[in-house]
Structures are given as C-alpha cells and as structure tokens.
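The opening residue of the sequence shown carries number 0 in numbering that gives the first Met the number 0; numbering runs sequentially from there.
Cβ atoms here follow ideal geometry from the backbone N, Cα and C, with glycine treated the same way.
For reference, the structure is listed below as structure tokens.
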Amino acid sequence: MTAARLIHLNGAPGVGKSTLAAQYAAEHPGVLNCDVDRLRVLVGGWADDFAGVGTLVQPIALAMIRAHLDGGHDVVMPQMLASEERRALFRAAAVDGGHDYVHVLLRASPGTAAGRFETRPPDPLHDVIRAVVDADGGPEALAGWESRLETAAAASDVVRLDADGDVASTYRALLAALRAD
C-alpha cells in the first residue's frame, strides 16, 4: 500500500492553485482540498485582518492535514508558501506521520498570473485578497511575491510545472507529475 500524500500546490496568486486543487479533489474521491484561504473565512474578523487570521488557521490546517493523512487519504493544499520555514511545517505534518510530501511549484509568466488574478469571479474571499494585493502595491506586489518563490524553485524536492497554458493542459501536467512521483 502506498503512503498517503500531502500534495502542496505552491505558486503566486493567480497561477491556478485553487482551481487545480478543486478539480483534483473532485476527480479523486476521498482527497481533502485543504484550501487554507477558505479556512480563514470561518474565523470572525477574517476580512479585517487577513494575515493575522492566516496565522490563527495554520494550526487548524495542520491538524486537518495530519488527521486526513493518518486516515490513509491524500490531501491537496493550494497555498503560496515562499518561506522554507513555513513549508517545513507542512512537510513535517506529512513526513513525521510516515506520509509523503509532494511540493509542486506552479509558475506562470507575470502577465498570465496577473490577468487570471484580476479576472477571478466575484467572491468575498477574492475581493479581500484583491484589496490586500492592492494595498501591497497591486501588480508590483504580485511580481514581488513571484520573486519570493525563488527559494521554493531552488528546493531539491520541488516538482516544477509551467502554468502558462490553459487549465486543462496544466491539470494534465499535474496528473502526469503526480504519477511520476
């Protein structure tokens, strides 16, 4: 029997992490889509302190991930984690329990990711994230976050995927990468 996997979809905002995670979970019964940003909306005041609430939900996400993996089921987590320290927490949640951690870094050209980010459908979560990005500098902030992912790109355990194509082709590439892992 193969070990359960934490499939971490990493990348800048707008690269397609959440879209791919939702499709993967929908097509793989039993897989938990642990979208940490969606957990934030369950905490009062999330829209007023998006970053602070992210800190509050991180241990909740880690507990959910551990429990689901320990039950023998895969977890897909669409979350930008530029810091190796934060990636290590999630990696440990899997590996310390005898499970696999698969780190997939999705990269798209700045124009592609920014265009997707700006054309997200109306949603309270997306509206707050847009406001956070705008407050941080808008398109320049998106480009800055992409550059912060260089440490993730250099990690020895990372699977790099080009996300410039359409969702269907990126999803096929993700499936192929996960089969090869």
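With fewer than 16 other beta carbons inside 10 angstroms of its own, residue 121 counts as exposed. Between residue 61 and residue 92, the C-beta gap is smaller than 7 Å, which places the two residues in contact.
Leaving aside the five residues that flank residue 119 on each side, the residues in its chain whose CB is nearer than 7 Å to its CB run, in chain order, 125. Pairing residue 69 with residue 58, the inter-Cα distance amounts to about 16 Å. Note that the stretch 131-139 does not touch the stretch 27-44; fewer than 3 beta-carbon pairs, one per stretch, sit closer than 8 Å. The three-state secondary structure of residue 133, taken from DSSP, is helix. For residue 12, the number of other beta carbons within 10 angstroms of its own is at least 16, and it is reported as buried. The Cβ atoms of residue 160 and residue 103 sit closer than 7 Å to each other. Under a 10 Å Cβ-count criterion, residue 108 is classified as exposed, with fewer than 16 other Cβ atoms of the shown protein chains found around its own Cβ.
When the five nearest sequence neighbours on each side are left out, the beta carbons in the same chain lying within less than 6 Å of the beta carbon of residue 63 are those of 33, in order along the chain. Under the three-pair Cβ rule at 8 Å, the stretch 138-147 does not count as touching the stretch 84-101. Cα atoms of residue 164 and residue 16: separation of roughly 13 Å, rounded to the nearest angstrom. Rounded to the nearest whole angstrom, the C-alpha separation of residue 77 and residue 141 is 17 Å.
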